[in-house]
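Trainee:
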Amino acid sequence: MTPILILSGKGKTGRRVAAQLDARGVPYRLASRSSEQPFDWYDESTWADAVRGTTTAYLAPPVGPTGLAQAGRFIQQADGLRRVVLLSGRGVGSSGRDFAVYDGQLELESVVQASGLDWTIVQPAWFAQGFSEDFLRYDVLAGQIRLSAGAGGEAWIDTDDVGDVMTTALLDETYAGQVLAISGPRVLTMTEIAGELTAATGRPIEYVDLDPSTHVAELREQGLPPEDAEAVRDLFTVIRNHRSEYVSDGVERVLGRPARDFTDWARETAKTGVWDV
């Protein structure tokens, strides 16, 4: 078996796919800016060496229009690949979409579907681990989750479930040609999320609903480039406009078990000390 190529292999999902492949004894190759096999979405001279000797790839594209466009260019130039599993976003390509944030994701999905490769597209809800492994962790530590999600809800998913679905899709070709929407088992508003995290940490945590323009300004202050900050704002605009308040059954359909609930995830995560102050 040729190694499975994991692009963005040190990210939240890539690490989990690698761990699952390790557990099953499946060879893989991590490719990122800092890995032994260098790979940079914005340096096309690194692409051919990363792909050489592989036929299957897991692709987690960068955030923002430029990064998504580069991922599309990669697919079009990836000689030797036969199969690709793409990390996308829930709701991409749905009827009546009217949010600009979906444009780049939809274009990338279209490139993958037209590539001639065997493909599977996985569309997850927002990751629960955004509160423990990403920028929202600092909000939890500060006791204020500052977002522009309004009163909208999202069916937050445990990233471990995402990794399990991705690994299954990579190894089981019966999922070729399928779009798999996956989510947690229930919809939670940001106020409810704050309550769950308060219960898990034993500290008061509140949700502060930001105006979208203020949200962008604060993300910029945290060091995000303008287009990435605007992409994050737009993703939360989808929640703000109550367009993500539904549950997707992909986890149970693929793995034969229910998706992990946010309450259980938060309790177990709190035991790791990641939110200790």
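As numbered in this note's numbering, residues 5 to 281 make up the sequence shown, in order. Beta carbons: idealized from backbone N, C-alpha and C, even for Gly.
What residues in its chain sit with their C-beta under 6 Å from that of Asp-215, if we drop five residues either side in the sequence?
Mentor: Cβ within range, chain order: n/a, list empty.
Trainee: Do Ala-64 and Leu-25 come within 8 Å of each other at the CB atom, strictly closer than that value?
Mentor: Not a contact, by the Cβ cut-off of 8 Å.
Trainee: Out of curiosity, what's the CA-to-CA distance linking Asp-53 and Gly-29?
Mentor: Looking at the two C-alpha atoms, the distance is approximately 23 Å.
Trainee: Where does Leu-175 sit, in a helix, a strand or coil, going by DSSP?
Mentor: Leu-175 falls in the helix class under three-state DSSP.
Trainee: What are the start and end residues of the alpha helix (DSSP H) that includes Ala-270?
Mentor: Element bounds for Ala-270: 266–274.
Trainee: Exposed or buried, which one is Glu-158 when buried takes at least 16 other CB atoms within 10 Å?
Mentor: It counts as buried.
Trainee: Beta-carbon separation of Val-126 and Ala-82 under 8 Å?
Mentor: For Val-126 and Ala-82, no; Cβs fall outside 8 Å.
Trainee: Check the DSSP bridge columns for Phe-131 and list the partner residues they point to.
Mentor: Per DSSP, Ile-161.
Trainee: If I measure Cβ to Cβ from Ala-204 and keep anything under 6 Å in the same chain, skipping five residues before and after, which residues do I get?
Mentor: Closer than 6 Å at Cβ, skipping near neighbours: Ala-270, Arg-271, Ala-274.
Trainee: Report the rounded CA-to-CA distance for Glu-200 versus Phe-266, giving the unit in angstroms.
Mentor: Rounded to whole angstroms, Glu-200 to Phe-266 spans 8 Å at the Cα level.
Trainee: Identify every residue that forms a DSSP beta bridge with Gln-182.
Mentor: In DSSP, Gln-182 forms a bridge with Thr-124.
Trainee: Do the segment 224–242 and the segment 68–84 touch if we need at least three Cβ pairs shorter than 8 Å?
Mentor: Contact holds: three or more Cβ-Cβ distances are below 8 Å.
Trainee: In the DSSP output, which residue or residues are listed as bridge partners for Pro-42?
Mentor: Its beta-bridge partners are Ser-36.
Trainee: Give the DSSP-derived three-state secondary structure of Val-88 in the structure shown.
Mentor: Residue state, collapsed to three classes: strand.
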